[in-house]
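What follows is one structure encoded as structure tokens, with my remarks underneath.
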Amino acid sequence: MNEHELLERINNLEYHQKLLLKLLNDPKLDLYKLIIENGITEQEIKQFYTLCDKMSKKLEEQKAEGYVYFHPLLHELSVSLPYKLNIREVINACLTQKLYLPLFQELVKYL
């Protein structure tokens, strides 16, 4: 293991430690549990949040245009997730944690 890989692992451990401290105060933070259990990095989660922001805007636009079928958004999310995460677990965790509620309340219908 080289120095760069070791530094990445230390950074990931520090990130997971911060999440664990938040979990101590609120055990309902299911997304944080998934992040830690699956070894997801902070950068991967930032990309996930950016994707959710983009998809939330798409959902609003599509609803304004009269769309009633949002399965393509679910597909887009599932192919964009880090490979270690399960789409069903992510959606349920985000709903429990009340993250991006309009988006995930719509997507859960297609599971």
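The numbering of the sequence shown is my numbering, which starts it at 710 and goes up by one.
Even for Gly, the Cβ is constructed at its ideal location relative to N, Cα and C.
Residue environment, residue i, which counts as buried when at least 16 other CB atoms sit within 10 Å
i, result
"ILE719", "exposed"
"GLU774", "exposed"
"MET710", "exposed"
Alpha-carbon spacing of residue i relative to residue j, whole angstroms
i, j, result
"LYS755", "LEU810", "18 Å"
"LEU738", "TYR776", "31 Å"
"ASP735", "TYR741", "10 Å"
"GLU798", "LEU782", "16 Å"
"ASN801", "SER787", "13 Å"
"GLU770", "LEU733", "38 Å"
"LYS807", "PHE813", "9 Å"
"ILE744", "TYR819", "23 Å"
Nearest neighbour of residue i, chosen from the options [CA to CA]
i, options, result
"ILE796", "HIS784, LYS807, GLN806, THR805", "HIS784"
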